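A short write-up of the structure that comes next.
2 protein chains.
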Amino acid sequence: MRAARFDERFTLLDRAEAPTAPELGVGSIIERLIALTRSVIPPAETPHGIGVAAPGPLDSERGLILNPPNLPFNQTPIRDLLADALGVPVAVGNDADLAALGEHRLGAGRGTRHMVYLTVSTGIGGGLILNGELYTGAGQAGEAGFVIVAPGDPISGPGREGYIEPIASGTGLARRAREALEGGRDSLIRERVGGNLEAITGKIVGEAARAGDPLAREIVESAGEYLGYLITSLAHLIHPECVVIGGSVAGLGDLLFAPVRRTLAARIVDPVYAGMRVLPAALGEDGGLVGAAIYAAEGGIS
Amino acid sequence: MRAARFDERFTLLDRAEAPTAPELGVGSIIERLIALTRSVIPPAETPHGIGVAAPGPLDSERGLILNPPNLPFNQTPIRDLLADALGVPVAVGNDADLAALGEHRLGAGRGTRHMVYLTVSTGIGGGLILNGELYTGAGQAGEAGFVIVAPGDPISGPGREGYIEPIASGTGLARRAREALEGGRDSLIRERVGGNLEAITGKIVGEAARAGDPLAREIVESAGEYLGYLITSLAHLIHPECVVIGGSVAGLGDLLFAPVRRTLAARIVDPVYAGMRVLPAALGEDGGLVGAAIYAAEGGIS
Numbered sequence: 001m002r003a004a005r006f007d008e009r010f011t012l013l014d015r016a017e018a019p020t021a022p023e024l025g026v027g028s029i030i031e032r033l034i035a036l037t038r039s040v041i042p043p044a045e046t047p048h049g050i051g052v053a054a055p056g057p058l059d060s061e062r063g064l065i066l067n068p069p070n071l072p073f074n075q076t077p078i079r080d081l082l083a084d085a086l087g088v089p090v091a092v093g094n095d096a097d098l099a100a101l102g103e104h105r106l107g108a109g110r111g112t113r114h115m116v117y118l119t120v121s122t123g124i125g126g127g128l129i130l131n132g133e134l135y136t137g138a139g140q141a142g143e144a145g146f147v148i149v150a151p152g153d154p155i156s157g158p159g160r161e162g163y164i165e166p167i168a169s170g171t172g173l174a175r176r177a178r179e180a181l182e183g184g185r186d187s188l189i190r191e192r193v194g195g196n197l198e199a200i201t202g203k204i205v206g207e208a209a210r211a212g213d214p215l216a217r218e219i220v221e222s223a224g225e226y227l228g229y230l231i232t233s234l235a236h237l238i239h240p241e242c243v244v245i246g247g248s249v250a251g252l253g254d255l256l257f258a259p260v261r262r263t264l265a266a267r268i269v270d271p272v273y274a275g276m277r278v279l280p281a282a283l284g285e286d287g288g289l290v291g292a293a294i295y296a297a298e299g300g301i302s
Numbered sequence: 303m304r305a306a307r308f309d310e311r312f313t314l315l316d317r318a319e320a321p322t323a324p325e326l327g328v329g330s331i332i333e334r335l336i337a338l339t340r341s342v343i344p345p346a347e348t349p350h351g352i353g354v355a356a357p358g359p360l361d362s363e364r365g366l367i368l369n370p371p372n373l374p375f376n377q378t379p380i381r382d383l384l385a386d387a388l389g390v391p392v393a394v395g396n397d398a399d400l401a402a403l404g405e406h407r408l409g410a411g412r413g414t415r416h417m418v419y420l421t422v423s424t425g426i427g428g429g430l431i432l433n434g435e436l437y438t439g440a441g442q443a444g445e446a447g448f449v450i451v452a453p454g455d456p457i458s459g460p461g462r463e464g465y466i467e468p469i470a471s472g473t474g475l476a477r478r479a480r481e482a483l484e485g486g487r488d489s490l491i492r493e494r495v496g497g498n499l500e501a502i503t504g505k506i507v508g509e510a511a512r513a514g515d516p517l518a519r520e521i522v523e524s525a526g527e528y529l530g531y532l533i534t535s536l537a538h539l540i541h542p543e544c545v546v547i548g549g550s551v552a553g554l555g556d557l558l559f560a561p562v563r564r565t566l567a568a569r570i571v572d573p574v575y576a577g578m579r580v581l582p583a584a585l586g587e588d589g590g591l592v593g594a595a596i597y598a599a600e601g602g603i604s
């Protein structure tokens, strides 16, 4: 959990973080989140508003966190709990949506009318800025991780459901490396985890790719290729001017972006989409925090 | 080419059609389109406006047809050509976009805020109504036929590019039937074309499916399954309240819609998308004409 205070130009003034510790239950998470938020508010000041970048799925209009995987929330009225405790208006948005808003207003997507943000990290998520505004559709638009790019293909994991997330997320990179090593492939990665394949993470695969390990390179290249299919599809469907990619896996830079761009060049129907740019996120890890502040300042619900 | 006259409540008053005959060239097409349009305007009347549902890609703001496949247009200023000849303001939109607008205002999508229209016919196209308005993004949004659902898979044709269009369009159904018959499969379809496999069309495959032919059923079922992947992806990305499917292949009804719905039920991440409906188009073949009239009445450019 992170909390930050911004001035009216969205300059970061103070920042704090604490472990979420979901095993302590919802009550404890909320209590500690309130304390963390208080810790960045000077005693004599009252903020104009608070934006919360929360894991989805959400009911933004009612300020509820519904039932996110791996967290004990269930229809939790986080907006009202925080507003009551802190005496300040609170707006709740999806974390990837608010990172999209941050990148659009102050990051890589500045000046565009239509922008798609993708976050490629432990999982894959996204947010849409259409006609200059955050677009959430009937509530949960932007869930790019569940776009189907390879149905029935073992590349997407044991269920073969074909979603992009298990192919190109950090978790996916780790699984794919593990499967290859179980299949007898040789790689730096095996040494890095002392032979304990369960210890492989996306970060370790990324580091091995940076170090030139052929297996890791191959997996990252393939992740880029499939992200290229995802972006081809969303270009044809949504036709944004710009696709911004953030998250830790995007931190691999050209190792990931080169196969993305190569795939787009091969698959996008020219020439109308030729102007669409694909850019790395500019706000780094704090994109969601900045986006939450902007969301609060702009009045919350899209 | 079709032309129709509507009253201010979009009731159809008159309708005419003529072959496009692209081999006669752009000049002839435009000349005959003007004559066709004149034929539905009574001598003493001047329409309030004219909407044109044109094949994409387009530059709607400048009223140009850019370079559609199979038609000789090239940056053709159709808006100004028609407006000059007929002395009436003209608005030009993509045919699938305007069919989407028609279905939203007066068809299956009435009353929704966010709707996706898909047309599954010779090809596959689409249009998006977001926040109640036609959304075209940087110009060519809604090109659902070029969503990638099976990259590298021979099911998508010789190029294996994986687009949904060659898998589930009428042209795709015909190709897949032809390939199966060349591979020795038995089917009603073979008799229907007197052994001439080049004569197979999507319509013939559809008729054989209706008659219970196992091969045709299998191909239509598979088309529905892959359309289900497309709709799963666009649900997660765009989260519309409603997906409306039109076009001749959608005319197969439950033969197509049952596998679409089965695939959605299996692949959509519950429970937030549970309310999303998938409906057949209500306006039939004239959806694009109605949509063009509405587009003109609403002022054109989105």
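These protein sequence lines map, in sequence, to chains A and B. Just so we're aligned, residue 1 is where the first sequence starts under my numbering, counting upward by one. Just so we're aligned, residue 303 is where the second sequence starts under my numbering, counting upward by one. Each residue gets a CB set at the ideal place from its N, CA and C atoms; glycine is no exception. From a predicted model like this one, the values you see are computed outputs, not experimental measurements.
Under a CB-based cut-off of 7 angstroms, is Asn376 (chain B) close to chain A?
The residue you call residue 376 (chain B) lines up with position 74 of the second sequence. It does not; no Cβ of chain A falls within 7 angstroms.
Using the rule of at least 16 other Cβ atoms within 10 Å of the residue's Cβ for burial, across every protein chain shown, is Arg381 (chain B) buried or exposed?
Against the second sequence, residue 381 (chain B) aligns to sequence position 79. Arg381 (chain B) should be labelled buried.
On a CA-only basis, which of A:Ala216, A:Gly246, A:Thr232 and A:Pro43 is nearest Gly125 (chain A)? Give me that one, please.
If you number the first sequence from 1, residue 125 (chain A) lands on position 125. If we check each option's Cα against that of Gly125 (chain A), A:Gly246 comes out closest.
Taking only beta-carbon atoms, is Gly109 (chain A) less than 7 angstroms away from chain B?
Within the first sequence, numbered from 1, the residue matching residue 109 (chain A) stands at position 109. With 7 angstroms as the cut-off, Gly109 (chain A) does not count as an interface residue toward chain B.
Partners in chain A for Pro542 (chain B), counting only beta-carbon separations shorter than 7 angstroms
In the second sequence, counting from the first residue as 1, residue 542 (chain B) sits at position 240. For Pro542 (chain B), the neighbours in chain A by C-beta distance under 7 angstroms run, in chain order, Gly137 and Ala138.
I'd like to know whether the C-beta of Thr122 (chain A) is nearer than 7 angstroms to at least one C-beta of chain B.
If you number the first sequence from 1, residue 122 (chain A) lands on position 122. So, not an interface residue.
Taking Cβ-Cβ distances shorter than 7 angstroms, what residues in chain B pair up with Arg267 (chain A)?
If you number the first sequence from 1, residue 267 (chain A) lands on position 267. In chain order, Ile450 and Glu463 make up the part of chain B whose C-beta sits under 7 angstroms from the C-beta of Arg267 (chain A).
Give the DSSP-derived three-state secondary structure of Ala470 (chain B) in the structure shown.
As a position in the second sequence, residue 470 (chain B) is number 168, starting the count at 1. In the structure shown, the three-state DSSP call for Ala470 (chain B) is helix.
Report the start-end ranges of each alpha helix (DSSP H) in the region 482-564 of chain B that is 4 residues or longer and not cut off at the edges.
490-494, 504-512 and 516-540
Please check the pair Val342 (chain B) and Arg311 (chain B), which I expect to be a contact at CB under 8 angstroms, by giving their CB distance rounded to whole angstroms.
Position 40 of the second sequence, counting from 1, holds the residue named residue 342 (chain B). Position 9 of the second sequence, counting from 1, holds the residue named residue 311 (chain B). Actually they do not touch by this definition, with Cβ atoms about 17 angstroms apart.
Closer than 7 angstroms to chain A by CB, Ser535 (chain B):
Indexing the second sequence from 1 puts residue 535 (chain B) at position 233. So yes, Ser535 (chain B) belongs to the interface.
Simplified DSSP state of Phe6 (chain A), which is helix, strand or coil:
By 1-based counting over the first sequence, the position of residue 6 (chain A) is 6. In the structure shown, Phe6 (chain A) adopts extended strand secondary structure according to DSSP, grouped into three states.
Classification of Ala3 (chain A) by the beta-carbon crowding that lies within 10 angstroms, buried from 16 upward
Within the first sequence, the letter at position 3 stands for residue 3 (chain A). Buried, because 16 or more other Cβ atoms sit within 10 Å of the Cβ of Ala3 (chain A).
Please report the distance separating the alpha-carbon of Ser156 (chain A) from that of Val147 (chain A).
Here the question's residue 156 (chain A) lines up with position 156 in the first sequence. Here the question's residue 147 (chain A) lines up with position 147 in the first sequence. For Ser156 (chain A) and Val147 (chain A), the distance between alpha carbons rounds to 12 angstroms.
Which residues of chain A have a Cβ atom closer than 7 angstroms to the Cβ of Pro561 (chain B), listed in chain order?
For this step, residue 561 (chain B) is matched to residue 259 along the second sequence. The premise fails here: Pro561 (chain B) is roughly 13 angstroms from chain A at the closest Cβ pair, so nothing lies under 7 angstroms.
Alpha carbon of Ser187 (chain A) to alpha carbon of Arg175 (chain A), nearest angstrom:
As a position in the first sequence, residue 187 (chain A) is number 187, starting the count at 1. As a position in the first sequence, residue 175 (chain A) is number 175, starting the count at 1. Between Ser187 (chain A) and Arg175 (chain A), the C-alpha separation is close to 14 angstroms.
Contacts of Tyr229 (chain A) in chain B (Cβ-Cβ under 8 angstroms)
On the first sequence, residue 229 (chain A) is found 229 positions in, with the first residue counted as 1. Correct list: Ile450, Pro453 and Gly464.
How big is the Cα-Cα spacing for Ala258 (chain A) and Gly224 (chain A)?
Indexing the first sequence from 1 puts residue 258 (chain A) at position 258. Indexing the first sequence from 1 puts residue 224 (chain A) at position 224. Spanning the two alpha carbons is a distance of roughly 7 angstroms.
Counting only the same chain and skipping the five closest in sequence on each side, list residues whose C-beta sits under 8 angstroms from that of Leu360 (chain B).
Translated into the one-based positions of the second sequence, residue 360 (chain B) becomes position 58. Leu366, Ile367, Leu368, Val394, Gly395, Asn396, Gly441 and Gln442.
Within 7 angstroms, strictly: CB atoms of Gly123 (chain A) and Ser169 (chain A)
On the first sequence, position 123 is the one that residue 123 (chain A) refers to. On the first sequence, position 169 is the one that residue 169 (chain A) refers to. Going by C-beta atoms, Gly123 (chain A) is nearer than 7 angstroms to Ser169 (chain A).
Report yes if the C-beta distance between Gly127 (chain A) and Ala96 (chain A) is below 7 angstroms; otherwise report no.
Residue mapping note: residue 127 (chain A) aligns to position 127 of the first sequence, counting from 1. Residue mapping note: residue 96 (chain A) aligns to position 96 of the first sequence, counting from 1. Against a cut-off of 7 angstroms, the Cβ pair of Ala96 (chain A) and Gly127 (chain A) comes out as a contact.
Using a Cβ cut-off of 7 angstroms, pull out every chain A residue sitting near Ala443 (chain B), in sequence order please.
What you label residue 443 (chain B) is simply residue 141 of the second sequence in a count that begins at 1. In chain order: Leu237, Ile238 and His239.
Let me see if you follow: with CB-CB separation under 7 angstroms, is His350 (chain B) close to chain A or not?
On the second sequence, residue 350 (chain B) is found 48 positions in, with the first residue counted as 1. No, His350 (chain B) does not count as interfacial toward chain A.
Give me the subset of the region 387-410 of chain B whose CB atoms are less than 8 angstroms from a CB atom of chain A, sorted by chain position.
none
Any contact of the region 233-247 of chain A with the region 200-207 of chain A, i.e. 3+ C-beta pairs under 8 angstroms?
no
Which of helix, strand or coil DSSP assigns to Leu581 (chain B)
On the second sequence, position 279 is the one that residue 581 (chain B) refers to. Leu581 (chain B) falls in the strand class under three-state DSSP.
Of all the options A:Leu118, A:Leu289, A:Tyr295 and A:Glu298, which has the alpha carbon lying nearest to the alpha carbon of Met1 (chain A)?
On the first sequence, residue 1 (chain A) is found 1 positions in, with the first residue counted as 1. For Met1 (chain A), the nearest C-alpha among the options comes from A:Leu289.
Pull the bridge partners of Asn396 (chain B) from the DSSP assignment, please.
As a first step, residue 396 (chain B) must be located in the second sequence, where it is residue number 94. The partner list for Asn396 (chain B) (beta bridge, DSSP) reads B:Ala356.
Applying the criterion that 16 or more other CB atoms from any shown protein chain within 10 Å of the CB defines a buried residue, is Thr313 (chain B) buried or exposed?
Position 11 of the second sequence, counted from the first residue, corresponds to residue 313 (chain B). It is exposed - the Cβ of Thr313 (chain B) has fewer than 16 other Cβ atoms within 10 Å.
Beta-carbon spacing of Val546 (chain B), Glu405 (chain B) below 7 angstroms:
Counted from its first residue, the second sequence places residue 546 (chain B) at position 244. Counted from its first residue, the second sequence places residue 405 (chain B) at position 103. Taking 7 angstroms as the Cβ cut-off, Val546 (chain B) and Glu405 (chain B) qualify as a contacting pair.
Can you tell me the Cβ-Cβ gap for His114 (chain A) and Gly439 (chain B), rounded? I've got them flagged as a contact below 8 angstroms.
Locating residue 114 (chain A) in the first sequence gives position 114, where the first residue counts as 1. Locating residue 439 (chain B) in the second sequence gives position 137, where the first residue counts as 1. Contact flag correct, Cβ pair sits at about 5 angstroms.
Given this structure, state the Cα-to-Cα distance separating Ala598 (chain B) from Ile352 (chain B), to the nearest angstrom.
Here residue 598 (chain B) corresponds to residue number 296 of the second sequence, with the count starting at 1. Here residue 352 (chain B) corresponds to residue number 50 of the second sequence, with the count starting at 1. Using only the alpha carbons, I get a separation of about 6 angstroms.
Can you look up Ala16 (chain A) in the DSSP assignment and give me helix, strand or coil?
Counting from 1 along the first sequence, the entry for residue 16 (chain A) is found at position 16. In the structure shown, the three-state DSSP call for Ala16 (chain A) is strand.
If I measure Cβ to Cβ from Ile570 (chain B) and keep anything under 7 angstroms in the same chain, skipping five residues before and after, which residues do I get?
Your numbering for residue 570 (chain B) matches position 268 in the second sequence. Correct list, in chain order: Thr534 and Ala537.
Inspect the beta-carbon positions of Gly228 (chain A) and Thr263 (chain A) and report whether they are closer than 7 angstroms.
For the purposes of this step, residue 228 (chain A) is identified with residue 228 of the first sequence, where counting begins at 1. For the purposes of this step, residue 263 (chain A) is identified with residue 263 of the first sequence, where counting begins at 1. Thr263 (chain A) is positioned such that its CB atom lies closer than 7 angstroms to that of Gly228 (chain A).
In three-state terms, what does DSSP make of Glu445 (chain B)?
Position 143 of the second sequence, counted from the start, is the residue given in the question as residue 445 (chain B). Here Glu445 (chain B) sits in coil by DSSP.
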